[in-house]
Amino acid sequence: VVEAATARLRPILMTSLAVVLGAVPIAFALGAGAKSRVSLGIVIMGGMLFSLVLTLYIIPVMFVVFSAKVKRNPDDEPETTQPEEKHEQLLLPEHQL
């Protein structure tokens with residue numbers, strides 16, 4: 002989790018901050034229709050900042066918490082079917098081997 006967070010920190014910050022800074026002119030709009038644009042700009046900026054906090058802090062913590070609760074046993078491998086069984090299931094009844 003730490004390695005992934007380190008690798009993805011800069012792209013996440015750059016993307017989120019670009020959207021937030023791009024919405025600044027909308028949030029501080031003047032003129033006709035400014036009230037609706039200001040509301041939209043504030044919602045965009047707030048939503049992106051909230052999702053940034055979720056992405057950087059809450060989701061990794063929840064992943065660690067839930068992955069610690071699930072005990073993985075390497076002996077619990079899912080059963081696989083043999084390739085012959087798969088092909089037999091795909092054939093029509095009159096073409097079975």
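Each residue of the sequence shown is one higher than the last, beginning at 2 in my numbering. A virtual CB, placed ideally from N, CA and C, is assigned to each residue, including glycine.
Kindly list the residues whose CB is nearer than 8 Å to the CB of residue i, restricted to its own chain and excluding five residues on each side of it in sequence; keep chain order.
i	result
H64	Before going on, a small fix: residue 64 reads as Phe here, not His. Cβ within range, chain order: V2.
S52	S17
Per DSSP, what kind of secondary structure is residue i in: helix, strand or coil?
i	result
V54	helix
V62	helix
I want to see whether chain E comes within less than 9 Å of residue i, judged by CB atoms only; does it?
i	result
L53	The chain labelled as chain E is not found in the depicted structure, where only one protein chain is given.
So which of the options has the shortest CA-CA distance to residue i?
i	options	result
I43	V21, L14, P61, T7	V21
R11	F67, S68, G34, L57	L57
A49	P61, F29, A5, V25	In the sequence as presented, Ala is not what sits at residue 49; that position holds Met. Minimum Cα distance to M49 is reached at V25.
I45	I13, G32, K70, A19	A19
R9	V71, P61, S68	P61
G23	G47, L55, T7, E4	G47
Please look up how many angstroms separate the CB atoms of residue i and residue j, rounded, as I've assumed it's under 8 Å.
i	j	result
I27	L14	Contact doesn't hold; Cβ gap of about 21 Å is too wide.
A30	V39	6 Å
With hydrogens ignored, establish whether the beta-carbon of residue i is closer than 8 Å to any heavy atom of the ligand FAD.
i	result
I43	The model on display carries no ligand, and the ligand FAD is accordingly not part of it.
Query raised in the report: Where are the alpha helix (DSSP H) runs, 4 residues long or more, that stay fully inside the stretch 2 to 48, in chain order?
Result: 3 to 28
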